[in-house]
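Asks: So the protein sequences, as listed, match chains Z and E.
Counting from 1007, one number per residue, gives the positions in the first sequence under my numbering.
Counting from 7, one number per residue, gives the positions in the second sequence under my numbering.
Backbone N, C-alpha and C define an ideal beta-carbon position, used for all residues, glycine too.
For reference, the structure I am asking about is given below.
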Amino acid sequence: DAGVTQSPTHLIKTRGQQVTLRCSPISGHKSVSWYQQVLGQGPQFIFQYYEKEERGRGNFPDRFSARQFPNYSSELNVNALLLGDSALYLCASSLGSGQGNGQPQHFGDGTRLSIL
Amino acid sequence: AQSVTQLGSHVSVSEGALVLLRCNYSSSVPPYLFWYVQYPNQGLQLLLKYTTGATLVKGINGFEAEFKKSETSFHLTKPSAHMSDAAEYFCAVSALSGNTPLVFGKGTRLSVIA
């Protein structure tokens, strides 16, 4: 079975631009979460979606938004890009609705976003 | 709020030696605990998890971890390091209920010396 797939793998943008990152979860997984991993740090939670509804949001500005589609794929949008948005953006999928049910999250290989 | 502390940002061991990566968590109640590994230019791969039951958890690639409530620790070990174990390792915690997200430590980079 295919794992979590993310596109694109790499992206270069300039300050002020907007970007959309895409994620397809493992077949059968209804929950998708997004994380930002800055170089040298652990992943930081951005959003979780389940059944197209937002179930959690991390401490990120409103420039960050996301949505989940009926096929459970998801998009992460970031507006007005800043240099500090340069990071690896990871998508993870899991069974079940909540992250507090002990079901592990399965991660994609991420999208490397570079802001010039 | 939950938090995770990984002691040592970089650990270096000789091939065949014991691997010990330390993780301490802060939580009002025993949480779910996870270890993930990240190879260069890849996402995170689950090594093992602790939810309930046996406190010694065995994972993939010969790794195991022991949940010690009294010490709020979940250290990762492997009896004999292999060159292929060189990677970044992350400890993570989530609450037992609700929609709390995974909270990760800052990671420990493991180097294996031939």
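Count the other C-beta atoms from every protein chain shown that fall within 10 angstroms of the C-beta of L39 (chain E), then say buried if there are 16 or more, exposed otherwise.
Replies: Along the second sequence, read from residue 1 onward, the residue named residue 39 (chain E) stands at position 33. Under this definition L39 (chain E) is a buried residue.
Asks: If contact is defined by three or more beta carbon pairs under 8 Å, each pair taking one atom from either stretch, is the region 76 to 93 of chain E in contact with the region 17 to 24 of chain E?
Replies: With the cut-off at 8 Å, the region 17 to 24 of chain E and the region 76 to 93 of chain E touch.
Asks: So, for L62 (chain E): in the same chain, excluding its five sequence neighbours on each side, which residues have a beta-carbon less than 7 Å away from its beta-carbon?
Replies: Taking the second sequence and counting its residues from 1, the one referred to as residue 62 (chain E) is at position 56. Counting only Cβ-Cβ distances below 7 Å, and skipping sequence neighbours, we find E70, E72.
Asks: So if DSSP puts K1 (chain E) in a beta bridge, which residue, or which two residues, is it bridged to?
Replies: Beyond the ends of chain E as shown, which are 7 and 120, falls residue 1 (chain E); an answer cannot be given.
Asks: Taking the C-alpha atoms as reference points, what is the distance between L26 (chain E) and Y1055 (chain Z)?
Replies: Sequence index remark: in the second sequence, residue 26 (chain E) carries index 20 (1-based). Sequence index remark: in the first sequence, residue 1055 (chain Z) carries index 49 (1-based). Going from the Cα of L26 (chain E) to the Cα of Y1055 (chain Z) covers about 35 Å.
Asks: When you compare only the Cα positions, how much space is there between S79 (chain E) and S1080 (chain Z)?
Replies: Position 73 of the second sequence, counted from the start, is the residue given in the question as residue 79 (chain E). Position 74 of the first sequence, counted from the start, is the residue given in the question as residue 1080 (chain Z). Cα-Cα distance, rounded: 35 Å.
Asks: Give the residues of chain Z in contact with G14 (chain E), contact being defined as C-beta atoms less than 9 Å apart.
Replies: Residue mapping note: residue 14 (chain E) aligns to position 8 of the second sequence, counting from 1. Ordered by position in chain Z, no residue passes the 9 Å Cβ test against G14 (chain E), which lies about 14 Å from the chain.
Asks: What residues in the region 33 to 45 of chain E have a beta carbon less than 8 Å from any beta carbon of chain Z?
Replies: So the close ones are Y38, F40, Y42.
Asks: Going along chain E in order, which residues have a C-beta closer than 7 Å to the C-beta of G1114 (chain Z)?
Replies: In the first sequence, residue 1114 (chain Z) corresponds to position 108, counting from 1. By Cβ distance, chain E contributes G49.
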